[in-house]
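A.B. asks: First the structure, which I've put down as C-alpha cells, then a few questions once you've had a look.
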Amino acid sequence: MADDIDVIIIGAGIAGSSCALLCARAGLSVLLIERAEQPGGKSLSGGRLYSYALADILPDFQTCAPLERRITREHFSLLTASGATTLTSDSLASESWSVLRARFDPWLAAQAEAAGTQLLCGVTVESLYLEQGEVAGVVCEGDVLRARAVVLAEGANSELAERSGLISSPTAQSVALGIKETLALDRRRIEDRFHLDENGGAAWLFSGHLCGSRSAGAFLYTNRQHLSLGVVAPLSSLRDGPAAAAKLLEMLKAHPVVRPLIHDAEVLEYGAHLVPEGGLRGLPSRRAGKGWLIIGDALGTCINTGLTIRGMDMAVLSARAAAEALIARMAEASPSLPVLYEDALAQSLLWQHLRRYRHVPSLLQNSAWYTALPAFCQGALADLTRADAQVTPPLWKILLHHGREAGLTRLAGLILRSLKCL
Ligand SMILES: Cc1cc2nc3c(=O)[nH]c(=O)nc-3n(C[C@H](O)[C@H](O)[C@H](O)COP(=O)(O)OP(=O)(O)OC[C@H]3O[C@@H](n4cnc5c(N)ncnc54)[C@H](O)[C@@H]3O)c2cc1C
C-alpha cells in the first residue's frame, strides 16, 4: 500500500496538517506521520492565531474549531526595570484568536483526515529513505514507507532535514528559545482583570528591559480559563545557557507590571521550544530537492516583528505553496518539484510578508530598543503628566532632556531604522 502513496508529510503541526488537507482535497493520497500520541502533543506556541490564512482554506473554521478567545484588546508595554509605558487598543485591524495547541492541532489534523489523509500518530520518522540519491520515502521503526514526495514539516528543531544534509544548522542569531507557561485562572477573574466581555480576549506584548540590553520579548494571551505567558529570546541573548532563559521567565513574572496580571494563577504546564526568527535572510537557500520539500518552522518561516509573532499563519501559507507545487508535480511529469515549489513560493503571500519584514531581525538586535527607548518613554511621560508644586517645563524641553539622558544619537538611529524596517 505504501508504494501507492503520493505524499508523506512528517509532522502534524499547523504546517503539516494544512498541507495534508490541501493535497488530500485535490485527490492525492497522503500519509501524515506524527511522533506524538496525538497531534499537538509535542507542540508549543504562544497561541495567538491570525485567522486570514486558515480562513482561506477552511472558511468556517471560526464556528467549528476549538478556539479560546477572540482577541479584542491589544496591549503593548515597553518595560523598564521598575515600570512600563503601555499602549492599549480596542480597535484591532485584524482578526485573531487565542488557541491551545493541544486542542487545536487534533482538530486541524481531523480536517485533513476528513479530506482523505491517513494519519499515523505515535510514530517517529527516523530518517529519509533514498533511492539513487533521491528522497523516495521515510524510515519509521525500521520499516521503509515509500512515496512519490516527502514533505518535512517537523518544526523549528528540524533534525531530520539537518541530519540528512538538506539544510545547515541555524545560527544563534536566527533562532530564539521560547519558554511558555500555561496558568489556570477562573474565567470570571480573567474577564474582570483584563476588562473583557464573555467572548473577548486580550493579547499583551512586552518589550524593553527583559534581558538587560539584550534582545528579548514576552507575551501574555488570555484563553477561556487559562493565561498563556512566555518569553522569546534569541540564543545569542542567552549566553548563560537555557537556565538563563528560565530565569528570564521568573523575572518577567516578578515584574511589577506583570505580577498583578498573573496573581493567584496556578501553573499547569511549562515548556520550551525553538522559534526561527531569521526571516527571509535566515531561510535555507535549498528549500526543495528531488522528492522532498520543506515547510513551516522547519523552513524558518516564522516572523517576529517585535510587535507580533506570526508563525502559525506563515506555516499555513507555506503549506499552501507546497501543496500547489505537489499537486502540479503529481499531475505532470515535469517540471521538477524544486522549480514548482520556488515558483509557488515566489508568488505566495508568504514571500510578500517575508520580504516586507526582511530587515526586522537585525533591527531587533539594536540594544536601544531594550534600554534607551523604554527609559525615554517612561521619563518623558512621567514629566508630561506631572502635577505638583514644580512648574512643568515645555514639551520640547522635556523631550530634549529625556532624549539626552537616554542617548540622543542612539534614539534617533533607532527611530530612523524602525521607520525604514517596520
Ligand atoms: C513560545 C512560543 C510562542 C509562539 N507564539 C506564537 C504566536 O502567538 N502566534 C503564532 O502565530 N506563532 C507563534 N509561535 C510560532 C508557532 O508556534 C510556530 O511557528 C508554528 O507552530 C509552526 O508550525 P509547524 O507546523 O511548522 O511546526 P510545529 O508546530 O512545531 O509542528 C511540528 C510537528 O512535527 C512533529 N515532528 C517533529 N519531528 C518529527 C518526526 N521525526 N517524526 C514525526 N513527527 C515529527 C512534532 O511533534 C510536531 O507536531 C510561537 C512559538 C513559540 C515557541
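Take the sequence shown: its letters are residues 1230 to 1651, numbered as in the working numbering. We treat Cβ as the ideally placed atom computed from N, Cα and C, and that holds for glycine. This one's a predicted model, so the numbers in the text were calculated from it and none came from an experiment.
Can you find the residues in the same chain that come closer than 7 Å, C-beta to C-beta, to Ala1294, ignoring five residues on each side of it along the sequence?
C.D. replies: Phe1333, Trp1336
A.B. asks: Below 8 Å, how does it come out for the segment 1414-1433 and the segment 1278-1294: are there three or more Cβ pairs, yes or no?
C.D. replies: Touching, no, given that fewer than three Cβ pairs across the two stretches are closer than 8 Å.
A.B. asks: Could you give the residue range of the beta strand (DSSP E) that holds Lys1519?
C.D. replies: Looking at the DSSP string, Lys1519 is not in any beta strand (DSSP E), and its letter there is neither H nor E.
A.B. asks: Taking a contact to mean a Cβ-Cβ separation below 8 Å, would you say Gly1525 touches Ala1548 in this structure?
C.D. replies: yes
A.B. asks: With a threshold of 7 Å on Cβ separation, who are the neighbours of Ala1573 within its own chain once the five nearest residues in sequence on each side are excluded?
C.D. replies: Ala1550, Glu1553, Ala1554
A.B. asks: For Glu1360, write down the residues that DSSP places opposite it in a beta bridge.
C.D. replies: Glu1363
A.B. asks: By DSSP, does Thr1314 sit in helix, in strand, or in coil?
C.D. replies: strand
A.B. asks: Would you mind sorting Ile1644 into buried or exposed? The rule is 16 or more other CB atoms within 10 Å of its CB.
C.D. replies: exposed
A.B. asks: Using CA coordinates, which residue listed in Leu1374, Gly1636, Ile1243, Leu1509 is at the minimum distance from Pro1399?
C.D. replies: It is Leu1509 whose Cα lies nearest to the Cα of Pro1399.
A.B. asks: Where Val1354 and Val1236 are concerned, what is the direct C-alpha to C-alpha distance, given to the nearest angstrom?
C.D. replies: 14 Å
A.B. asks: Need the endpoints of the beta strand (DSSP E) that Ser1436 sits in, please.
C.D. replies: Taken as a continuous stretch (DSSP letters only), the beta strand (DSSP E) holding Ser1436 covers 1429-1437.
A.B. asks: Per DSSP, what kind of secondary structure is Gly1276 in: helix, strand or coil?
C.D. replies: coil
A.B. asks: Using three-state DSSP, classify Glu1388 as helix, strand or coil.
C.D. replies: In the displayed model, Glu1388 falls within a helix according to three-state DSSP.
A.B. asks: Pair every Cβ in the segment 1592-1605 with every Cβ in the segment 1305-1312, then say whether three or more of these pairs are closer than 8 Å.
C.D. replies: By the criterion of at least three beta-carbon pairs nearer than 8 Å, the segment 1592-1605 is in contact with the segment 1305-1312.
A.B. asks: Note the first and the last residue of the continuous alpha helix (DSSP H) segment covering Asp1372.
C.D. replies: Run containing Asp1372: none in the alpha helix (DSSP H); it sits in the beta strand (DSSP E), 1372-1375.
A.B. asks: Suppose you measure from the CA of Met1230 to the CA of Ala1365; what does that come to, to the nearest Å?
C.D. replies: Confidence is the limiting factor: at Met1230 the pLDDT is only 43, short of 50, which leaves the residue's position unreliable and the question unanswerable from this model.
A.B. asks: Between the beta-carbon of Thr1346 and the beta-carbon of Ala1474, is there less than 8 Å?
C.D. replies: No, they are not a contact pair.
A.B. asks: Going along the chain, which residues of its own chain have a beta-carbon closer than 7 Å to the beta-carbon of His1484, five neighbours each way excluded?
C.D. replies: Leu1308
A.B. asks: Below 8 Å, can you find three or more Cβ-Cβ pairs linking the segment 1525-1537 to the segment 1379-1389?
C.D. replies: yes
A.B. asks: Give me the DSSP bridge partner(s) of Asn1452.
C.D. replies: Bridge pairing for Asn1452: absent [DSSP].
A.B. asks: Which residue spans inside the segment 1464-1529 form an unbroken alpha helix (DSSP H) run of at least 4?
C.D. replies: Counting whole runs of 4 or more residues, the segment 1464-1529 contains the alpha helix (DSSP H) stretches 1471-1483, 1508-1511, 1525-1528.
A.B. asks: Straight-line CA distance for Ala1244 to Pro1505?
C.D. replies: 14 Å
A.B. asks: Can you give the Cα-Cα distance for Met1541 and Tyr1279, rounded to whole angstroms?
C.D. replies: 8 Å
A.B. asks: Using three-state DSSP, classify Gly1394 as helix, strand or coil.
C.D. replies: coil
A.B. asks: Where do the N-terminal and C-terminal ends of the alpha helix (DSSP H) with Arg1299 fall, by residue?
C.D. replies: Segment 1299-1308 is the beta strand (DSSP E) holding Arg1299; no alpha helix (DSSP H) there.
A.B. asks: Going by other Cβ atoms of all chains shown within 10 Å of its Cβ, with 16 needed for buried, is His1492 buried or exposed?
C.D. replies: Exposed, since its Cβ has fewer than 16 Cβ neighbours within 10 Å.
A.B. asks: Count the other C-beta atoms from every protein chain shown that fall within 10 angstroms of the C-beta of Glu1363, then say buried if there are 16 or more, exposed otherwise.
C.D. replies: exposed
A.B. asks: DSSP three-state call for Arg1443: helix, strand or coil?
C.D. replies: coil
A.B. asks: When every heavy atom of ligand 1 is checked, does at least one fall within less than 7 Å of the C-beta of Lys1482?
C.D. replies: It does not: the Cβ of Lys1482 is nowhere closer than 7 Å to a heavy atom of ligand 1.
A.B. asks: Could you compute how far the alpha carbon of Leu1514 sits from the alpha carbon of Arg1299?
C.D. replies: Going by the sequence as given, residue 1514 is Ser instead of Leu. Rounded to whole angstroms, Ser1514 and Arg1299 show a C-alpha spacing of 37 Å.
A.B. asks: What number of angstroms, rounded off, separates the C-alpha of Arg1646 from the C-alpha of Leu1546?
C.D. replies: 28 Å
A.B. asks: Distance check for His1588 and Leu1467, CA to CA, integer angstroms please.
C.D. replies: Cα-Cα distance, rounded: 22 Å.
A.B. asks: Return the first residue and the last residue of the alpha helix (DSSP H) that Val1568 is part of.
C.D. replies: Its alpha helix (DSSP H) spans residues 1566-1575.
A.B. asks: Would DSSP call Ala1255 helix, strand or coil?
C.D. replies: coil
A.B. asks: Between the beta-carbon of Gly1520 and the beta-carbon of Val1373, is there less than 8 Å?
C.D. replies: Between Gly1520 and Val1373, the CB-CB gap reaches or exceeds 8 Å.
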